[in-house]
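Mapped onto my numbering, the consecutive letters of the sequence shown carry residue numbers 0 to 424. By construction, the Cβ of each residue, glycine as well, lies at the ideal position given by its N, Cα and C atoms. Right, one structure below, let's go through it.
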Amino acid sequence: MKKALKTKIRGLNKSQFKRLRKLTAHAKNLYNQTLWTLRQAYEATGKYFSYPQMDKAMKQVHNLEGEINYKLLKAKVSQQILRRLDKNFKSFFVATQDFKKNPSKYKGQPKPPRFKKSQYDNLIYDFQAFQIDFDKVVLDATKGNELKIPLPKQLIGKNIKQVEIIPKPHSFQAVFVYEENQATYQQAVPNDQVMSIDLGLNNLATCVTNGVIKPFIIDGRRIKSVNAYYNKRKAKIQSELEKYRGKKWSNRLQNLTDWRNARINDCLHKATAHVVKICLVNNISKVVVGDVTKSLDHINLGKKTNQNFVNLSLGQFVDKLRYKLGLHSIKLTVANESYTSKASFVDGDKMPKKYVKEAKPTYSGKRIKRGLYQSQDGTLVNADANGAYNILRKSDSKFSFGKLVEKVGDYVKDWLHPTQRVFIK
Numbered sequence: 000m001k002k003a004l005k006t007k008i009r010g011l012n013k014s015q016f017k018r019l020r021k022l023t024a025h026a027k028n029l030y031n032q033t034l035w036t037l038r039q040a041y042e043a044t045g046k047y048f049s050y051p052q053m054d055k056a057m058k059q060v061h062n063l064e065g066e067i068n069y070k071l072l073k074a075k076v077s078q079q080i081l082r083r084l085d086k087n088f089k090s091f092f093v094a095t096q097d098f099k100k101n102p103s104k105y106k107g108q109p110k111p112p113r114f115k116k117s118q119y120d121n122l123i124y125d126f127q128a129f130q131i132d133f134d135k136v137v138l139d140a141t142k143g144n145e146l147k148i149p150l151p152k153q154l155i156g157k158n159i160k161q162v163e164i165i166p167k168p169h170s171f172q173a174v175f176v177y178e179e180n181q182a183t184y185q186q187a188v189p190n191d192q193v194m195s196i197d198l199g200l201n202n203l204a205t206c207v208t209n210g211v212i213k214p215f216i217i218d219g220r221r222i223k224s225v226n227a228y229y230n231k232r233k234a235k236i237q238s239e240l241e242k243y244r245g246k247k248w249s250n251r252l253q254n255l256t257d258w259r260n261a262r263i264n265d266c267l268h269k270a271t272a273h274v275v276k277i278c279l280v281n282n283i284s285k286v287v288v289g290d291v292t293k294s295l296d297h298i299n300l301g302k303k304t305n306q307n308f309v310n311l312s313l314g315q316f317v318d319k320l321r322y323k324l325g326l327h328s329i330k331l332t333v334a335n336e337s338y339t340s341k342a343s344f345v346d347g348d349k350m351p352k353k354y355v356k357e358a359k360p361t362y363s364g365k366r367i368k369r370g371l372y373q374s375q376d377g378t379l380v381n382a383d384a385n386g387a388y389n390i391l392r393k394s395d396s397k398f399s400f401g402k403l404v405e406k407v408g409d410y411v412k413d414w415l416h417p418t419q420r421v422f423i424k
């Protein structure tokens, strides 16, 4: 089983930093040069170079300085750049063919890979392109021109398969891909116990089940406050920069952005770890999450709220959760959540499978105030819990309010109002 760890590269001296800058610049140049060559060949012949043809050609193409970009990097690193471009083009061709058959699936016609505008691009070293020297990764062992980066302590002794160098405005990150035995992780036993999650802002994740445990909410206000502070400080610093120095970015802004990203990343890790722990303790083998990105396309949440949604990166929550659940053989699926917030779970309102602009379905219940939903018979339900239960209904047609009552009996009202709120520190 492969795992990945991303970290900021620390401890580089000035010479090493400049070396990585130069190598990542070569990577960008090779990508753009190869893309230009492919386009020229395609326009001239109507045919696309296969990867072997691409690899052979780029070993001979010179740049404006008379050098061969391919040979300015290790052969294995150059090959990874070409493979990435080849993959991008093949995805474009597949999407183009699918667009002709199903244009409604797309917002616009698929576009071919674009040239890199940044000065730098990623470097990917596979296991044949680097060596491990205890707590160092040797990217270049050439005598007098050595290049090493630190290996995180928790990875010392691990089977490292790949190292990716990611250039940032004033620093570098490294992603270490390594092998780990999945048997070391507790494995869930397949069963019919399911958790459903409704994602949001103040309530980052409202979690309900089909009668396994009472609902709980992971509070999202910590993430929101970090983000609000970041936006406020960023606006002030940028205003001062433009006014006094005529610039839009600085080391100070980069440090602020790095701080914000690290804090949100930490919060999301803690939130997803809590969900995984609950699943393992209660033997839940499947998790369903509402696809909030699809529903946002059809809802005007206002500038401020949309800004929060974009910045909070709920997609990162889903990605981290999927990865962690996968370590324990717990399946995660993403369900369309259109109409789940409006339909009444208690009344079993029918919900269209997808959002239809012209459709105006009517529902038995309604929101009577912020965070509270009322069914037709007056039963009160937490609004986000109502949405989460409806997401569960969409993924399992057999699940209903009646089924929940069968499992929990007279205590069902306790399952409609999450009383446990998990705070992220």
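Local Cβ density within 10 Å of residue i, reported as buried at 16 or more and exposed below that
{"i": "Thr304", "result": "Interpretation of Thr304 is limited by its pLDDT of 49, a score under 50 that renders its predicted location unreliable; no figure is taken from the coordinates."}
{"i": "Asn381", "result": "buried"}
{"i": "Arg369", "result": "exposed"}
{"i": "Asn190", "result": "exposed"}
{"i": "Gln78", "result": "buried"}
{"i": "Trp35", "result": "exposed"}
{"i": "Pro417", "result": "buried"}
{"i": "Ser394", "result": "buried"}
{"i": "Asp348", "result": "buried"}
{"i": "Arg9", "result": "exposed"}
{"i": "Phe422", "result": "exposed"}
{"i": "Met350", "result": "buried"}
{"i": "Trp414", "result": "buried"}
{"i": "Ala387", "result": "buried"}
{"i": "His25", "result": "buried"}
{"i": "Ala342", "result": "buried"}
{"i": "Met194", "result": "buried"}
Length of the line joining the Cα atoms of residue i and residue j
{"i": "Ile212", "j": "Asn281", "result": "8 Å"}
{"i": "Lys157", "j": "Tyr177", "result": "7 Å"}
{"i": "Ile222", "j": "Ala140", "result": "43 Å"}
{"i": "Ala182", "j": "Val188", "result": "14 Å"}
{"i": "Cys278", "j": "Thr332", "result": "15 Å"}
{"i": "Lys135", "j": "Phe129", "result": "10 Å"}
{"i": "Ile298", "j": "Glu66", "result": "Caution applies to Ile298, whose pLDDT of 49 falls short of 50 and renders its modelled position unreliable; the model cannot decide the point."}
{"i": "Ala3", "j": "Val174", "result": "6 Å"}
{"i": "Asn87", "j": "Tyr372", "result": "46 Å"}
{"i": "Met57", "j": "Thr33", "result": "7 Å"}
{"i": "Lys116", "j": "Pro360", "result": "46 Å"}
{"i": "Gln192", "j": "Lys402", "result": "13 Å"}
{"i": "Asp132", "j": "Lys319", "result": "30 Å"}
{"i": "Ala204", "j": "Ile216", "result": "6 Å"}
{"i": "Leu324", "j": "Gln419", "result": "22 Å"}
{"i": "Ser363", "j": "Gln375", "result": "5 Å"}
For residue i, three-class secondary structure by DSSP
{"i": "Gly325", "result": "helix"}
{"i": "Asp139", "result": "strand"}
{"i": "Gly289", "result": "strand"}
{"i": "Tyr124", "result": "strand"}
{"i": "Ala173", "result": "strand"}
{"i": "Tyr338", "result": "coil"}
{"i": "Pro149", "result": "strand"}
{"i": "Thr6", "result": "strand"}
{"i": "Gln373", "result": "strand"}
{"i": "Leu331", "result": "strand"}
{"i": "Pro166", "result": "strand"}
{"i": "Gln130", "result": "strand"}
{"i": "Gln96", "result": "helix"}
{"i": "Arg366", "result": "strand"}
Below-8 Å beta-carbon distance, residue i vs any chain D residue
{"i": "Asn389", "result": "Here chain D cannot be found, since the structure has a single protein chain."}
Closer than 7 Å: residue i CB and nearest the ligand NAP heavy atom
{"i": "Leu122", "result": "With respect to small molecules bound, the structure shown includes none, and the ligand NAP cannot be examined in it."}
Taking only runs that begin and end inside the segment 177-246, name each unbroken beta strand (DSSP E) of 3 or more residues, in chain order. 193-198, 202-208 and 215-218
Evaluate contact between the segment 149-156 and the segment 86-104, counting only Cβ atoms and requiring at least three cross-stretch pairs below 8 Å. Cβ pair count under 8 Å is below three, so no.
Specify whether the segment 190-210 and the segment 285-292 touch according to this definition: at least 3 beta carbon pairs, one from each stretch, less than 8 Å apart. yes
Is it a yes or a no for the segment 118-128 touching the segment 161-174, going by three-plus beta-carbon pairs under 8 Å? yes
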